[in-house]
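Add 459 to a position in the sequence shown, counting from 1, and you land on the number used in this note's numbering. Built from N, CA and C at the ideal position, the CB exists for glycine as well. What follows is one structure encoded as structure tokens, with my remarks underneath.
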Amino acid sequence: MKEPILQTLGEFIIAHQKDYPEASGELSALFSAIRLAAKIIHRHINKAGLIDIAGLAGERNVQGEEQAKLDVMANDTFKAALAARGVVCGIASEEEDHYILLDDGLNKESKYIVLMDPVDGSSNIDVNVSVGTIFSIYRRKSPVGTTVTDEDFFQPGTEQVAAGYVIYGSSTMLVYTTGNGVNGFTFDPTLGVFYLSHPDMRTPETGQIYSVNEGNYVHFPDGVKKYIKYCQVEDEASNRPYTSRYIGSLVSDIHRNLIYGGIYLYPSSSRYTNGKLRLLYECNPISFLVEQAGGRAVCEAGKRVLEIKPTSLHQRVPFFAGSTAMVADLENFLLEDR
Ligand code: AHG
Ligand code: MN
Ligand code: MN
């Protein structure tokens with residue numbers, strides 16, 4: 460049996476704060492907020508079948524999507540946890556039309572902004588399938604003490620200070636990066652503590668899993684269609700056919716592929732002309748993690764997601780991420796069909 464590494468997330472964060480000589484402790488406090496919110500959401504999700512938390516809230520978000528009750532609760536929980544510590548001057552969320560200014564007291568003096576998808580895969584809650592939370596942290600561009608502006612939120616993903624996700628699965632895990640590799644922590648609900656369980660996560664160079672909503676196949680660009688057919692064709696040398704796995708929760712699909720090796724695709728289609736996934740709080744943080752784990756994430760052949768200059772808060776982009784060799788194969792198909 461594998462012995463657990465008895466280092467908690469809190470201890471890990473403090474131990475690594477010294478890697479950044481200029482660190483003031485604000486980022487550590489920000490992580491405390493995320494960790495606490497993740498525990499609260501974990502508790503709610505684990506009771507989803509028992510208390511009145513499943514189902515729809517009766518509202519739609521700015522993107523016209525129906526909000527689940529848990530979307531609303533998780534969004535409120537994250538906002539409250541972040542605001543309480545005075546370490547965030549602005550928050551953007553899938554569930555908010557506009558970004559939120561935190562310009563009271565300590566928050567106004569802080570240097571970080573947070574973008575988040577409070578519950579990713581929320582259509583899966585009612586059927587007991589894993590969901591997640593995604594977060595992305597930037598240093599503000601505007602001067603400390605002033606009100607945050609668009610330029611603080613519309614930074615390319617390469618500027619991220621940290622990013623991560625929480626997966627509420629068969630166990631709850633928090634996985635994050637600050638640009639020095641990726642580490643994963645598993646929650647022990649009996650102690651209320653996240654332990655370092657997956658140090659220095661590396662994704663395999665190649666894999667055998669492809670993850671895409673094939674129901675949209677006929678609407679995909681030709682290059683994507685040809686790549687999917689390539690995944691399905693028998694070839695002993697490259698271990699094809701690959702296996703198809705698609706949960707419909709980005710966090711869960713990425714988490715599995717990160718560990719086993721694989722490729723995730725959410726292309727443009729005639730239904731979603733820019734794909735479905737949102738750049739700022741889905742694709743950028745996931746791309747940062749995938750790259751930090753040794754993988755690759757692009758929005759088209761040769762174009763890293765992290766290099767896109769954002770133009771709006773809820774902007775969508777086509778998204779292809781995973782094992783480097785598999786993404787490179789896909790890019791060749793996309794190039795041929797350009
Ligand atoms: P959210 O629940 O935050 O709106 O995200 C849903 C996303 C993502 O989690 C998932 O990968 C994708 O939507 C699934 O979309 P399809 O149902 O179109 O495959
Ligand atoms: Mn999502
Ligand atoms: Mn969501």
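- With a cut-off of 7 Å, the C-beta of L529 is classified as distant from ligand 2, since no heavy atom of the ligand falls inside that distance.
- Secondary structure note for G469: its alpha helix (DSSP H) is the uninterrupted segment 468-476.
- Here DSSP, grouped into helix, strand and coil, assigns D694 to strand.
- Annotation for Y719: the continuous alpha helix (DSSP H) segment containing it runs 709-719.
- Assigned with DSSP and collapsed to three states, N743 falls in helix.
- Restricting attention to E766, G707, V652, I559, the CA atom closest to the CA of R494 is found in V652.
- Within the chosen limit of 7 Å, ligand 1 does not reach the beta carbon of N534 with any heavy atom.
- S630 and P777 have their C-alpha atoms spaced approximately 30 Å apart.
- Scanning its chain for C-beta atoms nearer than 8 Å, with the 5 sequence neighbours on each side dropped, one finds around E618 the residues Y597, R598, in chain order.
- As summarised for the stretch 584-631, the continuous beta strand (DSSP E) elements at least 3 residues long and confined to that stretch are 590-598, 621-627, given in chain order.
- Going by DSSP, T645 is part of the beta strand (DSSP E) stretching over 641-647.
- Relative to C758, the option among E790, S729, S771 whose CA is nearest is E790.
- A756 is bridged by DSSP to A780.
- Taking all protein chains in view, the Cβ of Y669 is crowded by 16 or more other Cβ atoms within 10 Å, so the residue is classified as buried.
- Each of S708, K688, L709 was checked against the Cα of T702, and the nearest Cα belongs to K688.
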